[in-house]
Amino acid sequence: MENYLEQLNDSQREAVVNTEGPSLIVAGAGSGKTRVLTYRIAHLLANGVAPWNIMALTFTNKAAREMKERIGTIVGANVSQRLWMGTFHSIFARILRMEAEHIKFPSSFTIYDSADSKSLIKSILKEMQIKNKEYKPGLILSRISSAKNDLVLPGAYSRDQQRLMADRASKVPLVYDIYQRYMKACYKAGAMDFDDLLLNTNLLFRDNPAVVARYQDQFKYILVDEYQDTNRSQYLIVKKLAELHKNVCVVGDDAQSIYSFRGAKIENILNFRNDYPGYQLFKLEQNYRSTQLIVNAANSIISRNKGQIKKVVFSENEPGEKIRIFSAVSDMEEGFIVVNDLILRRHAARCAFSDFAILYRTNAQSRIFEEALRKNNIPYKIYGGLSFYQRKEIKDLLAYMRMAVNPRDGEALKRVINFPARGIGKTTLDKLEAAAASNDLTVWDILTHPNLPKAGFNAGTVKKLNSFVALVNGFFRQRESMDAYELTTEIVAQSGLLKEFHQDQTIEGQTRLENLDELLNGVKEFADNRREAGEPNSLEFFLEEVSLLTDQDNESEEDVAKVTLMTIHSAKGLEFPYVYIVGVEEGLFPSQMSAMAETELEEERRLFYVAVTRAEKLVTLSYARNRFKYGESTFASPSRFLREMDTEFISEDSQQITGSFKSSTSFERHEPRKKYDFSGSSASGFNSGKRFSKIGSEKSPESGMENNAGTSGLGSVTRVQVGVVVEHERFGTGKVIGLEGVAPNVKAIVEFQNAGKKQLLLKFAKLKILN
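My numbering numbers the first residue of the sequence shown as 50 and each following residue consecutively.
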């Protein structure tokens, strides 16, 4: 059991064995953070700490599951399974169900996902007779979420002048009223959203001293992963629970704090020493992932930040290749340069496509690289997002474009007839489809029929339908006199899509706007290239090219290795031998807005640090000197982050390729010449059904399942003995290697062939005995 300590270096071992009192483990990129956290918990268990006295909080279920399994290999699955280990939301939902009576919620409360929440907000807006388009459910929900994460309840919200001013500036002054109604509606429905799980835990602990004292006593050791990503609500819960024993251990890296837009507070980790005087500081500074050169280059980048906990990350891996920087004439050429280099590197290194990742600052950048990869028949996957042409806003615009070429396209018509909303609802569409079917016509035929009023519609509905017909007919007539780009810009403006996406001021809304702009850039490139080649450049030819690009029929099988495309935010926690970081330009990376404030610029620099440290063997950076924006080419300047990197880590070839990119003149800012000014215009994972109200309760809604006869092939749970081979409907075949507990709560420890060790409560497991 003790040999696990031999697998650690000196710094890691020190962080594992010193378990008493508050501890801050600053873990540099690739330094074995997960291993240290895992082994620290295993060390506590191995030294007699009961598993139910340990709370370990993570940010993903996957991380919790993997850590629990690794702990199980050291101390036994029967011990590790009893840990209070999971995400913040899962752990505190469990506590809220057990203490529901104290907050006057049923223990079987429902957990709303974002779709449920948005639907409820829509109902409230309807009830309040708010028809202003500024009141987007997504925007309202994001403001409510921000308030909850800062523990601002509706009453306090109505007195918070800063929030009220922000609402008025966004033309949504009634958010506080909607928030109040939303909370009441959730309460009446016995429901909580994800933010409520943390908010209500704070309220439970604030208002019930006896309850919080019980949990403070129970959790003698508290461990938190990715502490730099915690928000105020999470921070306060941890602080409250740790008050008694003060054995709180947080693990994280301030240099990788990149989620402030989600409410994360880097101050939580920077101010740990103020919250817990006498704390122990452990620094994990050896990077096991990357070459020495990559680590040193990353250090030179992050050293520019003022707000950080100083550490010197180092690597004892091979020195490695210097960082390369590619300069492209345009963003389109950037796509070709990167993909061609990827092909050459793959052949030279004899490696797989899965060894490569292309990282970008915004999702909209993926289009160019997708097209370059497709043209070279290179398989790829979009990680953490949809393929560019599969995103809703892109499909919406493409549907309008299809209607402009062929108004009888029924699928395109159904998609856009009421988007943006124009008062043509499902009932009307159902009537149109029924009329079309009974007369053997298309819906468009019915819409353009002179006797439309006889189809059972009132005058108001007929007027709306005729307005839609006129809109599409206008596009249809223009297709002959306009090229693809000219017509698409008309469609974007006249259809209402531009206004629709501009009014959504959430992060998601801004992303949709960027994606719309990126599609326009693609159409512009198509039209210009076809014109220069003397080929037709009208809209129907663009749609034909797009349909071929997005045809999935000839795609390789799912298990074939693929190049990964993702945003840098999505890449956190991942690693690849070869990483391309693209679009490293001023105004894009760092973003235009972040360059205005020092704190935001420091977060962008941390994001760049995260991107570089994803690479194991080689980092390649690229930027374009001209980038399509708003339908025309605009000057782009290389990012200040390139200048900030120490030149000794940059290859000489890069300097020749990019010219004097390090000179001050090459970093001059150029204001874009805007032709189209866009700036002015989850499943919950919880079972809502019945469950235990107390851990270990002998009463269960599934009473009567103690004997599995008839459902599992077991005559009785007593037939399961150590050594028998069993079959489980999800985990497959395995061997029982241990039993514990007394009837009717006997648990079997089963070693499954493929799923590994699992601990199963026999009365529910439905095991089938095979021998």
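For every residue, glycine included, the Cβ atom is placed at its ideal position computed from N, Cα and C.
Beta-carbon proximity list for residue i, same chain, < 8 Å, skipping 5 on both sides
i, result
"Asn820", "Val773, Val774"
"Leu333", "Ser60, Gln61, Ala64, Ile74, Val75, Ala76, Gly77, Ser80, Gly81, Lys82, Val85"
"Leu546", "Glu442, Asp445, Leu446, Tyr449, Pro469, Ile540, Leu565"
Burial state of residue i, where buried means 16 or more other Cβ atoms lie within 10 Å
i, result
"Met92", "According to the sequence shown, residue 92 is His rather than Met. Under this definition His92 is a buried residue."
"Ser168", "exposed"
"Thr107", "buried"
"Phe310", "exposed"
"Ser129", "buried"
"Ala112", "buried"
"Ala646", "exposed"
"Leu248", "buried"
"Gln56", "exposed"
"Gly97", "exposed"
"Pro155", "exposed"
"Gln439", "exposed"
"Gly632", "buried"
Cβ neighbours of residue i in the same chain (closer than 6 Å, five flanking residues each side left out)
i, result
"Ile358", "Val75, Asp303"
"Phe268", "Met104, Leu290"
"Ser139", "none"
"Ala406", "Thr613, Phe625, Val628"
"Gln312", "Correcting the residue identity first, residue 312 is Gly in this sequence and not Gln. Hits under 6 Å: Asn198, Asn280."
"Glu800", "Gly783, Lys784, Ile786, Lys806"
"Ile123", "Tyr53, Ala91"
Reduced DSSP category for residue i - H, G, I as helix; E, B as strand; rest coil
i, result
"His777", "strand"
"Ser194", "helix"
"Cys235", "helix"
"Gly523", "helix"
"Lys621", "coil"
"Pro428", "coil"
"Ala291", "coil"
"Ile372", "strand"
"Lys512", "helix"
"Leu819", "coil"
"Thr340", "coil"
"Phe363", "strand"
"Phe402", "helix"
"Val66", "helix"
"Lys332", "strand"
"Gln56", "helix"
"Glu717", "With a pLDDT of only 35 at Glu717, under the threshold of 50, the placement of this residue in the model should not be trusted; the figure read from the coordinates follows. In the structure shown, Glu717 sits in coil (DSSP, three-state: anything other than H, G, I, E or B)."
"Gln559", "helix"
"Met450", "helix"
"Gln808", "strand"
"Val785", "strand"
"Leu100", "Leu is not the amino acid found at residue 100; the sequence shown has Pro there. Residue state, collapsed to three classes: helix."
"Gly135", "strand"
"Arg394", "helix"
Residue i versus residue j - alpha carbon distance
i, j, result
"Met116", "Glu442", "38 Å"
"Arg722", "Met241", "Since pLDDT at Arg722 reaches only 29, below the 50 mark, its modelled position is unreliable, and the value read off the structure follows with that caveat. Those two C-alpha atoms are separated by around 47 Å."
"Glu292", "Ile630", "44 Å"
"Val260", "Thr68", "26 Å"
"Arg114", "Tyr161", "23 Å"
"Arg579", "Glu563", "24 Å"
"Glu118", "Lys621", "22 Å"
"Arg394", "Tyr206", "56 Å"
"Met642", "Thr538", "26 Å"
"Glu43", "Lys480", "Limits of the chain in this structure are 50 at one end and 820 at the other, which puts residue 43 out of reach."
"Ser730", "Ala347", "Bear in mind that a pLDDT of 29 at Ser730, under 50, signals an unreliable position, so the number given afterwards is only what the model happens to contain. Each residue's Cα considered, the two are about 40 Å apart."
Beta-carbon proximity list for residue i, same chain, < 7 Å, skipping 5 on both sides
i, result
"Thr250", "Phe141, Ile144, Leu145, Ile286"
"Ala448", "Ala461, Arg464, Val465"
"Asn58", "Gln335"
"Thr760", "Unreliable positioning characterises Thr760 in this predicted model, as indicated by a pLDDT of 38, which lies under 50. The coordinate reading is nonetheless provided below. Lys815."
Exercise. If you pair each beta-carbon of the segment 321-341 with each one of the segment 65-81, do three or more pairs fall below 8 Å?
Worked result: yes
Exercise. Between the segment 463-473 and the segment 415-431, do at least 3 Cβ pairs fall closer than 8 Å?
Worked result: Output reads no: the segment 415-431 does not touch the segment 463-473.
Exercise. Is it a yes or a no for the segment 547-558 touching the segment 582-597, going by three-plus beta-carbon pairs under 8 Å?
Worked result: no
Exercise. Counting pairs of Cβ atoms below 8 Å between the segment 377-386 and the segment 528-536, do you hit three or more?
Worked result: By the Cβ rule, the segment 377-386 does not count as touching the segment 528-536, because fewer than three pairs are nearer than 8 Å.
Exercise. When the Cβ atoms of the segment 186-199 are set against those of the segment 270-279, are three or more pairs found closer than 8 Å?
Worked result: no
Problem set entry | the segment 686-695 touching the segment 637-651, judged by at least three CB pairs closer than 8 Å | yes
Exercise. Three or more C-beta pairs closer than 8 Å, one from the segment 274-281 and one from the segment 304-324: is that the case here?
Worked result: yes
Exercise. Does the segment 366-375 come close enough to the segment 661-680 to have 3 or more Cβ pairs within less than 8 Å?
Worked result: yes
Exercise. Just checking, does the segment 334-351 make contact with the segment 651-671 on the three C-beta pairs under 8 Å criterion?
Worked result: Contact holds between the segment 334-351 and the segment 651-671, because three or more Cβ pairs, one in each stretch, are under 8 Å apart.
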